[in-house]
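Encoded as structure tokens, the structure appears first; notes follow it.
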Amino acid sequence: MRARLQAKADTGNKQTRKACRRALKRLSGRERRHQKRINHEISKKLVVFARDHGLAIVFETLKGIRDRCRFGKGQRRRFHSWAFYQLQQFVEYKAKREGVHIVYVDPRYTSKTCSNCLHVGTRRQDDFSCKDCGHGSHADVNAARNIARWGLAVIRGEYSLLSCALPSGGRVGG
161 MRARLQAKAD TGNKQTRKAC RRALKRLSGR ERRHQKRINH EISKKLVVFA RDHGLAIVFE
221 TLKGIRDRCR FGKGQRRRFH SWAFYQLQQF VEYKAKREGV HIVYVDPRYT SKTCSNCLHV
281 GTRRQDDFSC KDCGHGSHAD VNAARNIARW GLAVIRGEYS LLSCALPSGG RVGG
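Remember, our numbering sits 160 above the position in the sequence shown when you count from 1.
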């Protein structure tokens with residue numbers, strides 16, 4: 161529907177263009193309210209689950225996330241319309257209200273570091289594999305395990321867990 165309205169807003173006569181722009185504005189408001197409602201529902205479920213199970217919530221630091229990702233045109237449009245910062249803000253205020261602890265971890269190397277042995281492995285598209293221990297999994301699952309582990313290390317004050325060996329002999333993590 162949006163595509164049809166946008167096409168008419170660009171090519172129709174003056175009256176048609178004006179009507180299409182008004183309709184697009186209404187549609188945009190509806191989409192924004194729908195997204196806000198969904199983010200409220202997700203954040204509520206997440207915080208209630210964490211509260212009921214005595215868990216903390218761990219996020220990657222989202223700063224610059226839009227600049228770090230490279231997608232095709234269609235994926236880019238969908239990705240940029242996702243209000244992840246809004247979701248994060250909703251989770252933050254609800255977690256504070258419920259007494260749920262929130263931790264932020266650095267996103268660097270989360271999907272390239274082996275969640276099994278902490279060595280930097282290789283990531284090809286969605287697949288992660290570690291040449292050191294042979295562990296392999298979906299890169300996002302591997303990253304989620306690392307984010308959870310690093311978040312727990314921050315909570316416990318175990319910063320030595322936040323380092324993993326780089327092939328060059330350097331360290332990565334906190």
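Think of the CB as a built atom: it goes at the ideal place given N, C-alpha and C, for glycine as much as any other residue.
The structure presented is a predicted model; accordingly, all values stated were derived computationally and were not measured.
Contact between the segment 284 to 292 and the segment 185 to 192 is absent: fewer than three C-beta pairs spanning the two stretches fall below 8 Å. With a cut-off of 8 Å on Cβ pairs, the segment 298 to 311 is in contact with the segment 250 to 269, counting three or more such pairs. Apart from sequence neighbours up to five positions away, the residues of its chain that approach residue 292 with a beta-carbon distance below 8 Å are 274, 277, 279, 281, ordered along the chain.
Ranked by Cα distance from residue 249, the first of 295, 221, 267 is 221. Per the coordinates, the alpha-carbon of residue 268 lies some 10 Å from the alpha-carbon of residue 303. For residue 275, the three-state secondary structure derived from DSSP is coil. Minimum Cα-Cα distance from residue 255 among the listed residues 175, 178, 215 corresponds to 215. Sixteen is the threshold: since fewer than 16 other Cβ atoms of the shown chains lie within 10 Å of the Cβ of residue 173, the residue is exposed. Secondary structure note for residue 189: its alpha helix (DSSP H) is the uninterrupted segment 174 to 213. Our two residues, residue 198 and residue 176, have alpha carbons roughly 33 Å apart in a direct line. Beta-bridge partners assigned by DSSP to residue 264: 219. Checking the DSSP bridge columns, you'll see residue 280 partnered with 273.
Only residues of its own chain outside the window of five on either side were considered, and among them 206, 210, 251, 255, 260, 262 have a CB closer than 7 Å to the CB of residue 217, listed in chain order.
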